[in-house]
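J.: Take this structure first; my questions come after.
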């Protein structure tokens with residue numbers, strides 16, 4: 083009789099042996115009553131595992147999960163939009179600052195000279211423009227922040 | 273085109289309706305897998321929800337040239353193992369002490385009690401999480417050994433050894449509660 087294959091019987095029942103091993107187990111089981119009985123036992127274990135109840139998620143869990151994911155995606159979309167808007171506003175602010183310098187320089191320099199009506203140094207006008215711009219942006223940021231806080235959102 | 277990949281692409285564009293399709297195709301298998309792995313219905317529900325949230329959050333990292341299900345299960349598995357590690361100080365390979373009988377209010381237990389395989393299910397819940405996982409993947413998900421090894425991220429001989437160990441531990445549990453003939 084070939085040597086016992088006790089350790090392979092479980093894996094044989096689980097269908098986890100290669101062809102050579104399976105053949106060796108089958109040949110031994112045909113001539114060994116003890117291993118045949120053990121193989122039968124393993125067969126029942128594996129059969130029992132296949133018959134286990136198949137739990138499913140409750141409808142409430144699925145609905146709750148869908149709702150949570152939708153909220154997450156909405157929040158992410160809002161955050162992306164806020165970032166894009168902020169980027170656009172920063173770019174606009176820099177553009178306006180550069181354009182304003184050219185305009186003020188023109189008005190306070192060449193144009194004032196042509197009109198023979200001095201309007202003061204360019205730097206002073208530009209400084210005033212920047213301070214006004216920053217104050218306006220600051221006030222807008224405070225108002226927006228309060229609104230977001232009232233709505234309980236995060237940006 | 274594979275409906276999973278199509279829905280994943282839509283989800284990446286922020287289309288939440290795509291999630292319903294993905295969930296309907298994978299929710300049952302995912303929940304069953306998580307329940308077997310963590311061995312607790314409430315923890316399985318939490319992990320199930322977090323897994324889908326993480327899928328929505330990280331959908332940009334999903335490689336659409338590969339099937340969606342293995343990626344989903346990997347996300348869920350990592351979350352489940354993190355939960356289990358936080359809950360337990362011992363290794364996930366360790367076997368729990370036999371659990372006290374669940375209360376009659378536990379829906380899973382009620383369902384199991386109605387089945388002839390209640391004893392098998394009870395023995396399964398007493399195994400270590402990684403033993404339950406390997407048995408579930410082989411006998412419920414019906415993965416072949418190479419697929420099972422890939423899913424666990426281990427070499428084939430290791431997967432085989434884990435399967436063998438899980439089966440022998442299950443048999444020991446069954447024998448501890450009844451004579452072999454009783455669970456046939």
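Chains as they are written, first to last, in my numbering: chain A, 83 to 237; chain B, 273 to 456.
Positions of the beta carbon are idealized from the N, C-alpha and C atoms, including for glycine.
The structure displayed is predicted, hence computed values, not measured ones.
Between residue 157 (chain A) and chain B, is the shortest Cβ-Cβ distance under 8 angstroms, so that the two count as touching?
T.: No, no contact with chain B.
J.: Quick check on DSSP: helix, strand or coil for residue 402 (chain B)?
T.: Helix.
J.: Is residue 148 (chain A) close to chain B? Criterion is C-beta to C-beta, closer than 8 angstroms.
T.: By this cut-off, residue 148 (chain A) is an interface position.
J.: Going by CA-CA distance only, name the one from A:121, A:120 and A:130 that's closest to residue 254 (chain B).
T.: Any property of residue 254 (chain B) remains undetermined from this structure, which presents chain B solely from 273 to 456.
J.: Please tell me whether residue 136 (chain A) has its Cβ less than 8 angstroms away from any Cβ of chain B.
T.: For residue 136 (chain A), the answer is yes, since a Cβ of chain B falls inside 8 angstroms of its Cβ.
J.: Can you list, in chain order, the residues of its chain whose CB lies under 8 angstroms from that of residue 426 (chain B), leaving out five sequence neighbours each side?
T.: Closer than 8 angstroms at the Cβ level, and outside the excluded window around residue 426 (chain B), lie 434.
J.: Can a CB atom of chain A be found closer than 8 angstroms to the CB of residue 291 (chain B)?
T.: Closer than 8 angstroms: yes.
J.: For my contact list, residue 150 (chain A) and residue 325 (chain B) are in at a C-beta cut-off of 8 angstroms; report their separation, rounded to the angstrom.
T.: The Cβ separation is near 6 angstroms, so the contact holds.
J.: Short of 9 angstroms Cβ to Cβ, which residues in the stretch 404-437 of chain B face chain A?
T.: Per Cβ criterion, the list reads 407, 408, 410, 411, 412, 414, 416, 417, 420, 431, 432, 435 and 436.
J.: Between residue 102 (chain A) and residue 305 (chain B), what straight-line distance do the alpha-carbon atoms span, to the nearest angstrom?
T.: Those two C-alpha atoms are separated by around 31 angstroms.
J.: I want to verify the contact list: residues of chain B whose CB lies under 7 angstroms from the CB of residue 132 (chain A), in sequence order.
T.: Neighbours of residue 132 (chain A) on chain B, chain order: 411.
J.: Residue 117 (chain A) lies in the alpha helix (DSSP H); which residues open and close that run?
T.: Unbroken alpha helix (DSSP H) run through residue 117 (chain A): 115-132.
J.: Closer than 7 angstroms between beta carbons: that is the criterion. Which residues of the stretch 95-111 of chain A meet it against chain B?
T.: Going along the stretch 95-111 of chain A in chain order, one finds 96 and 98 with a Cβ nearer than 7 angstroms to chain B.
J.: Which word fits residue 349 (chain B), buried or exposed, when buried means at least 16 other C-beta atoms lie within 10 angstroms of its C-beta?
T.: That one is buried.
J.: Rounded C-beta distance between residue 290 (chain B) and residue 282 (chain B)? I'm assuming under 8 angstroms.
T.: Right, the Cβ-Cβ distance comes to about 4 angstroms (below 8 angstroms), so this counts as a contact.
J.: Residues of chain B with CB under 7 angstroms from residue 274 (chain A), in chain order?
T.: Since the first residue of chain A shown is 83 and the last is 237, residue 274 (chain A) is not available in this structure.
J.: If we define contact as Cβ-Cβ less than 8 angstroms, is residue 321 (chain B) a contact residue for chain A?
T.: Yes - at least one Cβ of chain A is within 8 angstroms of the one on residue 321 (chain B).
J.: Hey, out of B:287, B:296, B:343 and B:401, whose CA is closest to residue 352 (chain B)'s CA?
T.: It is B:401.
J.: According to DSSP, is residue 312 (chain B) part of a helix, a strand, or is it coil?
T.: Of the three classes helix, strand and coil, the one that applies to residue 312 (chain B) here is coil, per DSSP.
J.: Is it the case that the Cβ atoms of residue 279 (chain B) and residue 302 (chain B) are separated by a distance below 8 angstroms?
T.: No, Cβ-Cβ distance for residue 279 (chain B) and residue 302 (chain B) is not below 8 angstroms.
J.: Between B:319, B:336, B:337 and B:393, which has its C-alpha nearest residue 354 (chain B)'s C-alpha?
T.: With distances taken between Cα atoms, residue 354 (chain B) lies closest to B:319.
J.: Using a C-beta to C-beta distance shorter than 8 angstroms, which residues of chain A count as neighbours of residue 304 (chain B)?
T.: The answer, in chain order, is 136, 137 and 138.
J.: Figure out for me which residue from B:339, B:344 and B:338 has the closest Cα to the Cα of residue 322 (chain B).
T.: Of the candidates B:339, B:344 and B:338, the one whose C-alpha sits nearest the C-alpha of residue 322 (chain B) is B:344.
J.: Report the three-state DSSP secondary structure of residue 305 (chain B) (helix, strand or coil).
T.: Helix at residue 305 (chain B).
J.: My understanding is that residue 339 (chain B) touches residue 276 (chain B), with C-beta atoms under 8 angstroms, so please give their C-beta distance in whole angstroms.
T.: Yes, residue 339 (chain B) and residue 276 (chain B) are in contact; Cβ-Cβ is about 7 angstroms, under 8 angstroms.
J.: With respect to the alpha helix (DSSP H) encompassing residue 164 (chain A), which residues constitute its N-terminal and C-terminal limits?
T.: Residue 164 (chain A) -> alpha helix (DSSP H) spans 141-188.
J.: Check the Cβ of residue 397 (chain B) against every Cβ in chain A and list those closer than 7 angstroms, keeping chain order.
T.: In chain order: nothing, as chain A lies at least about 11 angstroms away.
J.: DSSP three-state label for residue 337 (chain B), please.
T.: Here residue 337 (chain B) sits in coil by DSSP.
J.: What three-state label does DSSP hand residue 136 (chain A) in the structure shown?
T.: Of the three classes helix, strand and coil, the one that applies to residue 136 (chain A) here is coil, per DSSP.
J.: Taking the beta carbon of residue 163 (chain A) as the centre, do at least 16 other beta carbons fall within 10 Å, making it buried, or is it exposed?
T.: So residue 163 (chain A) ends up on the exposed side.
J.: Can you name the residues of chain B whose CB is closer than 9 angstroms to the CB of residue 160 (chain A)?
T.: Neighbours of residue 160 (chain A) on chain B: none; closest Cβ ~11 angstroms, over 9 angstroms.
J.: Using CA atoms only, rank isn't needed, just tell me which of B:393, B:356 and B:332 is closest to residue 446 (chain B).
T.: Among B:393, B:356 and B:332, the Cα nearest to that of residue 446 (chain B) belongs to B:393.
J.: Work out the CA separation of residue 93 (chain A) and residue 391 (chain B) for me, nearest whole Å.
T.: Roughly 22 angstroms separates the two Cα atoms.
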